[in-house]
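Asker: Numbering (the numbering used here), first residue to last: 89 to 200.
Glycine included, C-beta positions come from ideal geometry on N, C-alpha and C.
Structural data, given as structure tokens:
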């Protein structure tokens, strides 16, 4: 992967990171603002919504961690190489999932 391509992936990762951080902040702010006292049904509904927000935030936190790991691999010069076999990760895969750690072959094996 040449420097120009690497810079594009770095920019893509940094933009996604900023988007996710902004989204998490908005959700946390919204969660605080939406807490109201109501009847038991309202409270149960709010509890379900709150749990869903926490789950989404956990998922987004996982993606943020993967993005940070990808940015670290860029800094180390190992970005775009499978962390299992060391072979290059297909660029189409990286364009759709820029924080990918594994090539398709290794990813498939790990999922089994």
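1) Rounding to the nearest angstrom, what Cα-Cα distance links residue 192 and residue 177 in this structure?
2) In angstroms with no decimal places, state the Cα-to-Cα distance between residue 189 and residue 101.
3) Taking its Cβ as the centre, do 16 or more other Cβ atoms sit within 10 Å of residue 182, making it buried, or is it exposed?
4) Report back the beta-carbon spacing between residue 163 and residue 186 to the nearest angstrom; my notes put them in contact at under 8 Å.
5) Does the distance from the C-beta atom of residue 167 to that of residue 94 stay below 8 Å?
6) Within 10 angstroms of its Cβ, does residue 155 collect 16 or more other Cβ (buried), or is it exposed?
7) Rank 114, 195 and 149 by C-alpha distance to the C-alpha of residue 175 and give the top, closest one.
8) Compare the Cα-Cα distances from residue 145 to each of 198, 184 and 113 and report the closest residue.
9) I need the DSSP call for residue 95, collapsed to helix, strand or coil.
10) Determine which residues share a DSSP beta bridge with residue 105 and list them.
11) For residue 169, which residues does DSSP report across the bridge?
Answerer: Reading it off the structure:
1) In the chain shown, counting from the first residue as 1, residue 192 sits at position 104. In the chain shown, counting from the first residue as 1, residue 177 sits at position 89. Those two C-alpha atoms are separated by around 8 Å.
2) Taking the first residue of the chain shown as 1, we reach residue 189 at position 101. Taking the first residue of the chain shown as 1, we reach residue 101 at position 13. Going by the C-alpha atoms only, they are around 13 Å apart.
3) By one-based count along the chain shown, residue 182 stands at place 94. By the 10 Å Cβ count, residue 182 comes out buried.
4) Position 75 of the chain shown holds residue 163. Position 98 of the chain shown holds residue 186. Not confirmed; about 15 Å, so no contact.
5) Residue numbering aside, residue 167 sits at position 79 when the chain shown is read from its first letter. Residue numbering aside, residue 94 sits at position 6 when the chain shown is read from its first letter. Taking the C-beta atoms as reference points, residue 94 is found nearer than 8 Å to residue 167.
6) Translated into the one-based positions of the chain shown, residue 155 becomes position 67. Residue 155 should be labelled buried.
7) Against the chain shown, residue 175 aligns to sequence position 87. Nearest to residue 175 by alpha-carbon distance, out of 114, 195 and 149, is 195.
8) By one-based count along the chain shown, residue 145 stands at place 57. Ranked by Cα distance from residue 145, the first of 198, 184 and 113 is 113.
9) Translated into positions along the chain shown, residue 95 becomes position 7. Residue 95: helix per DSSP, three-state reduction.
10) In the chain shown, the residue the question calls residue 105 occupies position 17. Residue 105 is not bridged to any residue.
11) Position 81 of the chain shown, counted from the first residue, corresponds to residue 169. According to DSSP, which records beta bridges pairwise, residue 169 is partnered with 176.
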